[in-house]
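For reference, the structure discussed in these notes is given below.
Protein chains: 6
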Amino acid sequence: MAVKSKIALFPGSFDPFTKGHEDVVRRGLIIFDEIIVAIGNNSSKQRYFDLPNIKSKIEILFQDEPKVKVAIFEGLTSTFAKQKQANFLLRGLRNTTDFEYENTISQVNKEINPDLETIFLITSPHLAFISSSIVRDLHKHGGTISTYLPYKI
Amino acid sequence: MAVKSKIALFPGSFDPFTKGHEDVVRRGLIIFDEIIVAIGNNSSKQRYFDLPNIKSKIEILFQDEPKVKVAIFEGLTSTFAKQKQANFLLRGLRNTTDFEYENTISQVNKEINPDLETIFLITSPHLAFISSSIVRDLHKHGGTISTYLPYKI
Amino acid sequence: MAVKSKIALFPGSFDPFTKGHEDVVRRGLIIFDEIIVAIGNNSSKQRYFDLPNIKSKIEILFQDEPKVKVAIFEGLTSTFAKQKQANFLLRGLRNTTDFEYENTISQVNKEINPDLETIFLITSPHLAFISSSIVRDLHKHGGTISTYLPYKI
Amino acid sequence: MAVKSKIALFPGSFDPFTKGHEDVVRRGLIIFDEIIVAIGNNSSKQRYFDLPNIKSKIEILFQDEPKVKVAIFEGLTSTFAKQKQANFLLRGLRNTTDFEYENTISQVNKEINPDLETIFLITSPHLAFISSSIVRDLHKHGGTISTYLPYKI
Amino acid sequence: MAVKSKIALFPGSFDPFTKGHEDVVRRGLIIFDEIIVAIGNNSSKQRYFDLPNIKSKIEILFQDEPKVKVAIFEGLTSTFAKQKQANFLLRGLRNTTDFEYENTISQVNKEINPDLETIFLITSPHLAFISSSIVRDLHKHGGTISTYLPYKI
Amino acid sequence: MAVKSKIALFPGSFDPFTKGHEDVVRRGLIIFDEIIVAIGNNSSKQRYFDLPNIKSKIEILFQDEPKVKVAIFEGLTSTFAKQKQANFLLRGLRNTTDFEYENTISQVNKEINPDLETIFLITSPHLAFISSSIVRDLHKHGGTISTYLPYKI
């Protein structure tokens, strides 16, 4: 009997995709057969960084890694997971605030789709202070953000 | 001498009122003589679910429970408590994030009205992941929300 | 039909009973018809302060308050609650560490006895830093502890 | 090229092994090719439950699941992982206290063995209040513990 | 050789400046030679209280304390610190939510400017429940806010 | 008028003194005129590492830094601070568990000695996972601990 592929969705708004996100994806590669970086697009919410540009940057970042795919989705994460035949969600945890939030969200996702298991990695400590919202804030105020991004913008 | 009635306000925006809220009210009934579900209406903030409709759903939900009243209020919770002769606030705690928030709010309410005591219940674990904001998010993206609500919408 | 009395157990090792404990009992009196300060005695664990002495101090402290009783118990809190016909446990919350612990314990108590509801108060902020273990530590090292105790020792 | 087997160590003192532990192992089975329940034995620390008995109970519990092995180890988790060719540690997270502890431990394990990745699952909410120390406490005081264990003791 | 002055920036939006903020500044005075209360002005974000008025209130509050200066800035905190030759940031911690946030921000500030050290004080417990956002909320709903402010508004 | 020296006590059991502790001392040097590493010795509690040896290691570590002194004390931290004319306590914060503990302790120290201010630094992220108890655990089980210590043992 063929063993089922382990496909994980790594969902987020990635506005922008940071070195912290890259850390989680690269470490997740030893667990999963395929990781889909799934950029959630919320039409009613204005993004700060250009969506097609971010998608393209992530694709180039992982161009030598055929196990990583990049996709844009609207709607529920669990619906998109089913559509992509992903049986896992991959998430990083940086601190207790993240934990409380992810604890809640993972229960909802399991309630909607009982076959969808969320797997957590703890973000590497030297990257745990990076968040997309801080990067946006820095950029808005003219700060240097290249230190936090795994590509040039 | 007549014993003073124990009247509790259960304040919130209830946008919408969830099974988690229902859990706190039903468990609170063994402590209080009356519980007023107090729907805070903030005129400057757009609600997602229709206010009169939610009020009506809560009233029908507790129609066999004469100790539960439902009311809409604007302004400060502590002011409305005084107006309703409520000497207690009833609140549910789901996690440490809730705790830190409620810790702050309860001190403010006591500062304003020293006779107003806040009583906490810990939300039952199988309901602790439900939040109004997650329910709104699910609904916005076409997800099923009936699992989280104690009434049909 | 007679209304059932609201009897709460306020369990703890109270080694010693502090001003923080007193704060929770006094504020609990407006909710409950009777509060039993239940001193847990664990025969396999050495106490620092003398048990009969602490019991006597608590009794004197509340001698003008007939709604407060003091008792010593061994074994499970939920068993002693049943024996005393207490339908409530009363507990104070000082911080998130307390919350995580009480969250766990209250579920266990409810699992054992589904009719036993735990009611929480948040300790008043000017008393929230007091813990029995700190008082013991201070006493051990010759520090003044009278500031933290509602009686002379 | 042969794909490397995904072998995870699920380390703990398991004094005793609870339904919460079972939940993590069963959910981990869809990720890993083999899970070794690794019972840490600390010769200088007295166990409450009999070690060979607990080992045998876990083996019987998973007797129809050939992917689960049970082993006893002394010394460092990371050393035992290397010895068993396990490239993963599997851990459950119940709350923020767990998170803070595991955050620390996982960094130490990675420092010792950079190839050892720790994978986290969040314990199912209806089991998250169970801890081995609470089960021991209940047993010590004559309480029923069968509700928390996936086997008879 | 002349010893370098210890100049600290105390940054915030101070919308409004509360007794909690005053507590941190006054206690910080025994550490620093100069404290600059730095009011962050974000042109794209509407303030609730009038900026020049708040600045003037803080100046009057500390008019007898020559070590305290008040300034308005736009852009990054670390840039303004450099401009003012401040080698320290001073921040108050009220609870774990504050801690998680400040933990993140202080790493970013150190990444941008390795010579900028953030020094923390824990807010005095009787003031720890005060936050600018609660004060705004109270004011919006017609509540009394003078209790929380070290000046009349 | 002579400016009062800024003398800080950095208290702990330092069993052993780690790179995390060194980080806090070195960063504290830019704030204080003198830092006394104060090794608390609790005669009723067995140490794992030899006390005179640890003291000597810390002295050698800071031998080129005349502002750092090392001392052993018994009894209360606040009493020893007074004896050494230290007006500050210096403490590192690694995570929310540390924060909750230090929050409590710093209030007690201020209650005992209102002139004793506790100043906090957040431990650098790449060192925040190091704790004396983990180092002891590693050593007990034959692990390498030199990575975590700023000296050879």
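Chains as they are written, first to last, in the numbering used here: chain E, 1 to 153; chain H, 1001 to 1153; chain P, 2001 to 2153; chain U, 3001 to 3153; chain G, 4001 to 4153; chain C, 5001 to 5153. Where is the CB? At the ideal position from N, CA and C, for every residue including glycine. Just so it is clear, the structure is predicted and the values come from calculations on it, not from any experiment.
Hey, residue i and residue j are a contact pair by Cβ (cut 8 Å); roughly how many whole angstroms apart?
| i | j | result |
| --- | --- | --- |
| G:ILE4030 | C:ASN5103 | Between C:ASN5103 and G:ILE4030 the Cβ distance is about 20 Å, and since that is not below 8 Å, they are no contact. |
| U:THR3147 | E:THR96 | The Cβ separation is near 29 Å, so there is no contact. |
| G:ILE4119 | G:LYS4067 | Not a contact, Cβ separation roughly 15 Å. |
| G:PHE4073 | G:ASN4041 | 7 Å |
| E:LEU127 | E:GLY20 | 4 Å |
| U:GLN3107 | C:PHE5129 | 4 Å |
Going by C-alpha distance, which of the options is nearest residue i?
| i | options | result |
| --- | --- | --- |
| G:ARG4136 | G:ASP4033, G:ALA4071, G:PHE4049 and G:SER4005 | G:PHE4049 |
| E:ALA8 | E:ARG47, E:PHE80 and E:PHE129 | E:PHE80 |
| E:LEU138 | G:THR4118, G:HIS4141 and G:ILE4112 | G:ILE4112 |
| C:GLN5046 | C:VAL5024, C:TYR5151, C:ASN5109 and C:ASP5015 | C:ASP5015 |
| E:ILE39 | E:PRO11, E:PHE32 and E:ASP33 | E:PRO11 |
| H:LYS1151 | H:ILE1105, H:LYS1055, H:LYS1082 and H:GLY1028 | Before going further, note that residue 1151 of chain H is Tyr rather than Lys in the sequence given. The option with the nearest alpha carbon to H:TYR1151 is H:LYS1055. |
| P:PHE2062 | P:ASP2023, P:LEU2051, P:ILE2105 and P:GLN2083 | P:ASP2023 |
| P:LYS2057 | P:GLY2092, P:THR2018 and P:GLY2075 | P:THR2018 |
| C:SER5078 | C:GLU5117, C:PRO5052, C:ASN5109 and C:PHE5099 | C:ASN5109 |
| P:ALA2086 | P:SER2133, P:ARG2027, P:PRO2114 and P:LEU2093 | P:PRO2114 |
| P:PHE2088 | P:LEU2149, P:PHE2032 and P:VAL2025 | P:PHE2032 |
| C:ILE5105 | P:SER2131, P:TYR2101 and P:GLU2059 | P:SER2131 |
| P:ARG2094 | G:PRO4125, G:ASP4064, G:ALA4071 and G:GLN4083 | G:PRO4125 |
| C:GLY5075 | P:LEU2149, P:ILE2153, P:SER2005 and P:GLY2142 | P:GLY2142 |
| P:ASP2064 | P:TYR2101, P:SER2005 and P:ARG2026 | P:ARG2026 |
| U:SER3044 | C:ALA5071, C:LYS5006, C:ILE5153 and C:LYS5140 | C:LYS5140 |
| H:LEU1090 | H:VAL1037, H:LEU1051 and H:LYS1004 | H:VAL1037 |
| H:SER1013 | H:VAL1070, H:GLU1100 and H:LEU1116 | H:VAL1070 |
| P:LYS2006 | P:LEU2051, P:GLU2117 and P:ILE2060 | P:GLU2117 |
| E:SER133 | G:LEU4051, G:TYR4101 and G:LEU4149 | G:TYR4101 |
Along the chain, where does the alpha helix (DSSP H) that runs through residue i open and close?
| i | result |
| --- | --- |
| H:ILE1112 | 1096–1112 |
| C:ILE5060 | 5051–5061 |
| E:ASP137 | 132–140 |
Which partner residues does residue i have in the DSSP bridge list?
| i | result |
| --- | --- |
| E:LYS84 | For E:LYS84, which the question treats as bridged, DSSP gives no partner whatsoever. |
| P:ILE2119 | P:LEU2090 |
| U:PHE3010 | U:VAL3037 |
Along the chain, where does the beta strand (DSSP E) that runs through residue i open and close?
| i | result |
| --- | --- |
| P:ILE2072 | 2068–2073 |
Return yes when the C-beta of residue i is under 6 Å from any heavy atom of the ligand NAD, and no when it is not.
| i | result |
| --- | --- |
| G:PRO4150 | Here there are no bound small molecules, and the ligand NAD is not part of this structure. |
So within the region 18–49 of chain E, which uninterrupted alpha helix (DSSP H) runs reach at least 4 residues, ignoring any that extend past its ends? 19–28
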